[in-house]
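A short worksheet on the structure shown next.
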Amino acid sequence: MPRAKRRNHSAQMNSKRWCSDSVNTCVTEENILDPNIRIKQLLSTEKTRHSEVGNFIFVNFKQISKMFMKLKCPDCDKQTLKLALGNKVGFSYVLNLTCSSCAENVCAVEASNERQCNTVPDINLRITQAFSNIGKGYSAIEKFCMAVNVYPFSSRTYSKCIKLLHTAYGIAAETLQSEVHREVRKAYAKHQLMFPLYAL
């Protein structure tokens with residue numbers, strides 16, 4: 001008996017490969033883990049209020065300047081207030097509010113608060129920690145700043161932030177380890193009180 005030709009065999013395989021089966025679109029136990037269904041469930045949940053902890057936002061400096069231009073100077077009572085950028089420490093600036101009419105320096109405040117026991121602004125540590133958590137370094141921070149049109153801090157400031165974060169991580173690890181040891185001692189002490197060992 002002659003052998004079947006290869007072209008017939010390949011044609012049969014192609015017809016099997018491209019046959020259209022009916023797709024089950026109902027929600028069953030098999031497709032309950034579909035990501036689209038999970039997204040719909042998340043969108044249908046009731047929204048809660050945002051936490052007041054997150055106080056870092058991206059702001060256009062010109063928009064803030066327009067807001068202060070509508071306020072009156074406390075000394076001359078004129079709408080001549082002007083907001084200007086002062087000294088820069090990384091991503092943190094000193095905001096100077098002055099009056100162009102009476103040349104009075106109304107207020108000066110830093111854009112980011114400083115952490116205790118160091119002189120590095122909080123925003124610099126947060127930016128460094130964020131890029132470090134995603135496995136990126138200083139070059140990624142430079143690209144990010146280029147994309148959002150912001151001046152980056154220097155590589156020296158980045159190294160200083162990395163050193164401070166490394167020290168903080170070490171202290172946190174030691175604190176956590178001591179707490180774990182304390183809990184283990186408590187558990188063993190409780191176990192010995194419940195099941196004392198009697199001398200034979």
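In case it helps, full-length UniProt numbering puts the sequence shown at residues 1 to 200. Positions of the beta carbon are idealized from the N, C-alpha and C atoms, including for glycine.
Pick from Ile-141, Val-180, Thr-80 and Glu-183 that is closest to Glu-91, judged by C-alpha positions
Per the sequence shown, the amino acid found at residue 91 is Phe instead of Glu. Closest option to Phe-91, Cα to Cα, is Ile-141.
I'd like the span of the beta strand (DSSP E) that includes Leu-83, first residue to last.
81 to 89 is the extent of the beta strand (DSSP E) around Leu-83.
Do Gln-79 and Phe-71 have their beta-carbon atoms positioned less than 8 Å apart in this structure?
The amino acid occupying residue 71 in the given sequence is Leu; Phe does not appear at that position. Taking 8 Å as the Cβ cut-off, Leu-71 and Gln-79 qualify as a contacting pair.
Alpha carbon to alpha carbon, how far is Ile-57 from Ala-189?
Taking the CA atoms as reference points, Ile-57 sits about 49 Å from Ala-189.
Inter-residue spacing [alpha-carbon to alpha-carbon] between Gln-192 and Lys-186:
Answer to the nearest angstrom: the Cα atoms are 10 Å apart.
Around the Cβ of Phe-61, are there at least 16 other Cβ atoms within 10 angstroms (buried) or fewer (exposed)?
With fewer than 16 other CB atoms across the displayed protein chains lying within 10 angstroms of its CB, Phe-61 is exposed.
Give me the residue from Ala-111, Cys-145 and Tyr-138 with the minimum Cα distance to Tyr-158.
Of Ala-111, Cys-145 and Tyr-138, the smallest CA-CA separation from Tyr-158 is found for Tyr-138.
If you draw a straight line from the C-alpha of Gln-129 to the C-alpha of Leu-81, how long is it?
One C-alpha to the other measures close to 36 Å.
Within this structure, are the beta carbons of Glu-110 and Val-94 separated by less than 8 Å?
A contact, by the Cβ cut-off of 8 Å.
Are Leu-97 and Val-89 closer than 8 Å when you measure CB to CB?
No.
Using only alpha-carbon positions, find the residue among Ile-162, Ala-84 and Cys-102 that is nearest to Lys-66.
Comparing Cα positions, the closest option is Ala-84.
Nearest residue (CA-CA) to Phe-122, options Arg-156, Tyr-151, Cys-161 and Ile-134:
Correcting the residue type first, residue 122 is Asp in the shown sequence and not Phe. Measuring from the Cα of Asp-122, the nearest candidate turns out to be Cys-161.
Taking all protein chains shown into account, do 16 or more other C-beta atoms lie within 10 angstroms of the C-beta of Cys-99, making it buried, or fewer, making it exposed?
Buried, because 16 or more other Cβ atoms sit within 10 Å of the Cβ of Cys-99.
Leu-183 to Ile-171 span [Cα, whole Å]
First, the amino acid is wrong: residue 183 is Glu here, not Leu. Taking the straight line from one Cα to the other gives about 19 Å.
Where Asn-113 and Ile-127 are concerned, what is the direct C-alpha to C-alpha distance, given to the nearest angstrom?
Computed Cα separation, rounded: 14 Å.
Would you call Leu-125 buried or exposed, if buried means 16 or more other Cβ atoms sit within 10 Å of its Cβ?
Counting of Cβ neighbours within 10 angstroms places Leu-125 among the buried residues, the total reaching 16 or more.
Suppose the cutoff is 7 Å on Cβ atoms and the five residues either side in sequence are ignored; what does the same chain contact list for Asn-133 look like?
Scanning its chain for C-beta atoms nearer than 7 Å, with the 5 sequence neighbours on each side dropped, one finds no residue around Asn-133.
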